[in-house]
Structures are given as structure tokens and as C-alpha cells.
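Structure first, commentary second.
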Amino acid sequence: MTNSQKYDMLFKKAELFMKENNPCKIENGTCLRGRTTTFANFCCSGCSHLKEEGCSVKALRCKSWLCPTAEVTLPLEKRKELYKLGSEIEKSRMSLARSSKEENLKYINLCLRRN
Ligand code: SF4
Ligand code: SF4
Numbered sequence: 011m012t013n014s015q016k017y018d019m020l021f022k023k024a025e026l027f028m029k030e031n032n033p034c035k036i037e038n039g040t041c042l043r044g045r046t047t048t049f050a051n052f053c054c055s056g057c058s059h060l061k062e063e064g065c066s067v068k069a070l071r072c073k074s075w076l077c078p079t080a081e082v083t084l085p086l087e088k089r090k091e092l093y094k095l096g097s098e099i100e101k102s103r104m105s106l107a108r109s110s111k112e113e114n115l116k117y118i119n120l121c122l123r124r125n
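Residue numbering for the sequence shown follows the working numbering, starting at 11 and increasing by one per position.
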């Protein structure tokens with residue numbers, strides 16, 4: 011499997027997890043943390059990939075990350091599932107936060123050249 015294929019496979023897994031479990035519970039443009047705490051609404055604020063219509067890239071690390079407010083709403087088994095996926099992503103080394111697929115692939119190619 012190429013790194014590009016692996017990235018897509020992990021992204022699909024993360025996307026499905028978030029879709030099935032809906033931890034951010036977005037309602038009328040506000041996420042759970044935005045509604046229940048004094049912290050910022052959405053963890054994307056200030057990101058260069060954030061456009062008016064939302065995230066403009068395929069960001070694997072972001073897709074598999076949750077703030078504590080959202081994470082604690084998941085049952086333990088689901089949290090374990092998410093940690094497992096997180097460690098799979100870490101192992102793949104395509105885990106740059108706030109980064110696109112292209113940025114992650116560029117990074118891993120640089121790492122491979124150094125090894
Ligand atoms: S992870 Fe937290 S801050 Fe980010 S969108 Fe979900 S609830 Fe909001
Ligand atoms: S790259 Fe991450 S932080 Fe940036 S807009 Fe996309 S999901 Fe949000």
C-alpha cells in the first residue's frame with residue numbers, strides 16, 4: 011500500500027468514526043464546546059485551511075482528534091477505538107496537525123530521504 015493509499019484509508023476510518031459517533035454535536039453552527047464552555051467555538055479557529063464553507067483540505071490528524079469536552083461524551087469502548095486509530099495514524103507518521111494530505115505526504119517523503 012502506498013502512503014497516499016494509506017492516508018486515504020485512515021482518513022476514511024476517521025471520517026466514519028466521527029459520522030457514526032457525532033461527538034462534536036454541531037447545531038446551528040456551534041459545536042459542543044462552543045455551547046457548553048467559555049472556550050472557542052470549533053477547534054479550527056485561526057487555521058489557514060479554514061474557509062467559509064469549512065475545512066478545505068483532507069486533514070487526517072484533525073479528523074481523528076477531539077477536544078476533552080467532546081471526548082468525554084464518548085463511551086469508554088469508543089474512546090479506546092479512537093485512541094487505537096490515533097496510534098495507527100502516529101505510526102504512519104502522517105499525523106501533522108492542521109495539515110492537508112499533500113503536506114503530510116511531503117513531510118513523510120522528507121523523513122524517508124533522511125533515513
Ligand atoms: S473537537 Fe471540540 S472544539 Fe473541536 S469541533 Fe469538536 S467539540 Fe468543537
Ligand atoms: S486543517 Fe484542521 S484545523 Fe484547519 S480547518 Fe481543517 S480541520 Fe480545521
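Beta carbons: idealized from backbone N, C-alpha and C, even for Gly. Fair warning: this is a prediction, and the values are worked out from it, not measured in the lab.
When DSSP states are grouped into helix, strand and coil, Cys77 belongs to the coil group. When the Cα atoms are used, Thr83 and Pro33 turn out to be separated by approximately 7 Å. Lys61 is bridged by DSSP to Gly64. The count of Cβ pairs closer than 8 Å, one atom from the region 70-78 and one from the region 94-106, reaches three, so the stretches are in contact. Ser74 is positioned such that its CB atom lies closer than 8 Å to that of Ala24. Contact check for Phe27 against Leu95 passes: the beta carbons are separated by less than 8 Å. Secondary structure remark: continuous beta strand (DSSP E) runs of at least 3 residues inside the region 13-61: none found. Secondary structure note for Ser102: its alpha helix (DSSP H) is the uninterrupted segment 86-102.
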